[in-house]
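Under UniProt numbering, the first residue of the sequence shown is numbered 1, with each subsequent residue one higher. Virtual Cβ for every residue (Gly too), placed ideally from N, Cα, C.
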Amino acid sequence: MSQSDECQATQTSVYPTKRCVSGGPVVEPDAEPVLNRVIHPSTKFETAWTWSGCIIGCSYLLLLVVCAFLNTTFVLWPLTLLQWSHLLSTRSCRWICRFLEDKYFAMLSGYLELVGGVKIIITGDEELQFAHHEHVLLICNHRSEVDWIFFWNLALRLNVHDRIRVMMKSVIRYAPGVGWTMMLLRYPYVNRNWATDQDRLTKVIESYKDVDMGTWLAMFPEGTALYDKTLKKSHEFASKQGEAKWNYVLQPRVKGFELCMDKMDPDYVVDLTVAYPELMEGVRPSPVRFVRGQFPTEVHMHVQRYHRSTLLKHKDRMGQWLKDRFAEKEERLEHFYETGAFQGEQQTSGQHASRVALLPAQQILLFVGENYLTYFWSRRRLSVYLRAFQVAGASIHSMDSHKIHNEKHQDKLHTRSADELRLFT
């Protein structure tokens, strides 16, 4: 190999420890390997923020929070009260919520791609299609706090973006607007306390089967994002259990997964592996970067689907089945950060690319227009909702009064019968 060939090879290597100068390659012992940056990213590798990026990022945050707040206040809460008062069926409420979710999450996903410049690349071994009534459990590696946001970009291409529920930490439900919306839409919240989480998860998951409408439950079996601290704990746990130590994923927690499999009994399990090319430069996606408008340039997703018939073969050892999937994720992610791509064919998955590009733009206009009208017609809407609540309250009061009247009438008849019996005796 010539000197120029050697220099070229070292420049494209995963571990670039050499650089080329006129006198030949010079070893740089202090150069940090790219692979180490993937495992241990740092803010020192990040680029400076810009005002234009901050405007884009803050606009996304406003869309996320304000639209959620308006629809929670003027739509979801009234629907919930109407459902509790039995003036509207559960199925009707679910359909209305699904319609709003369709617009809301298509808008956010479209904003990330059309305005934020995020490119979604999906790979897999098959073209995926799902029926509207099928229940799906999605498992994903957890590399950053924003992984779950891109679930809807994948779901948009599968036309299932109106039915995703993400398992999250309970503290998120207190977030104004977004947390309230997710709570009313029955997102499962966990406290990492199995004694309380078990009953809460069971109730929420069983509620998904109240109506004949499919639900996608997305979860992170690792329980937390991969950081230096959590990776160290994962290695310690693996050493105690005599298992392999992983660097790209954490050891999964099997109890929650087994509960979801048992109570939900999904038609499919979708194994999703997410990777970010920025990590090769030591930059981790984060909420702070989102606010600055520094969205990932690319999000790579590798998708595998497992049918119920396949899962039934492993019913008695689902915990081991889950660990096997994460062992595959470790190998898959290691290959990605060495080559820059997942193995497998790139999929368009469902909708044509042109429709995926146009649909979010339409949804943005429709949804922003709807919230614009919601704001300026809030007083009129509020008065209508108050009247509806008054009618609901009057109906409930009427039913209670009728019940009390019947009870009093029965007591009166019973007393009269007792008096007549005493007269005859």
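Taking the CB atoms as reference points, tell me whether residue i and residue j lie closer together than 7 Å.
i: I120; j: N153; result: yes
i: Y337; j: M280; result: yes
i: T123; j: G344; result: yes
i: G57; j: V283; result: no
i: D162; j: R253; result: no
i: Y189; j: M219; result: no
i: H142; j: A275; result: no
i: L88; j: L82; result: yes
i: R305; j: Y248; result: no
i: W180; j: T310; result: no
i: D210; j: T90; result: yes
i: W246; j: E330; result: yes
i: D271; j: I139; result: yes
i: R192; j: V204; result: no
i: L250; j: T230; result: yes
i: P277; j: V118; result: no
Roughly how many angstroms separate the alpha carbons of residue i and residue j, rounded to a whole number?
i: E145; j: P285; result: 8 Å
i: M182; j: F150; result: 16 Å
i: N36; j: V75; result: 48 Å
i: P78; j: R332; result: 46 Å
i: Q129; j: W194; result: 34 Å
i: A238; j: K232; result: 10 Å
i: P221; j: V166; result: 12 Å
i: G256; j: R325; result: 16 Å
i: residue 514; j: D316; result: What the structure shows of the chain is the stretch from 1 to 425, and residue 514 is not part of that stretch, so it cannot be assessed.
i: E46; j: I164; result: 32 Å
i: H132; j: R289; result: 35 Å
i: Y104; j: Y174; result: 20 Å
i: G293; j: E258; result: 38 Å
i: E126; j: W148; result: 23 Å
i: L64; j: L70; result: 11 Å
i: Q320; j: H335; result: 23 Å
i: A341; j: E243; result: 27 Å
i: H86; j: P266; result: 29 Å
i: P287; j: S92; result: 35 Å
i: M261; j: A48; result: 44 Å
i: D199; j: Y208; result: 15 Å
i: M301; j: A155; result: 12 Å
i: S52; j: Y111; result: 15 Å
i: Y227; j: C54; result: 26 Å
i: H40; j: W84; result: 49 Å
i: V38; j: T50; result: 25 Å
Can you name the start and end residues of the alpha helix (DSSP H) that residue i belongs to?
i: A195; result: W194 to S207
i: Y276; result: Here Y276 belongs to no alpha helix (DSSP H), and DSSP marks it neither H nor E.
i: D324; result: M318 to T339
i: F290; result: P287 to V291
In terms of residues, what are the limits of the beta strand (DSSP E) holding residue i?
i: M301; result: E298 to H307
Report the CB separation of residue i from residue j in whole angstroms; it is logged as a contact under 8 Å.
i: A68; j: V178; result: 5 Å
i: H307; j: T215; result: Between T215 and H307 the Cβ distance is about 17 Å, and since that is not below 8 Å, they are no contact.
My parser needs the beta strand (DSSP E) runs of 3 or more residues fully inside the stretch 42-127; what are they? 119-124
Where in the UniProt domain "Phospholipid/glycerol acyltransferase" (136-258) do unbroken runs of the alpha helix (DSSP H), each at least 4 residues long, occur, reported from the N-terminal end onward? 151-158, 178-184, 194-207 and 228-241
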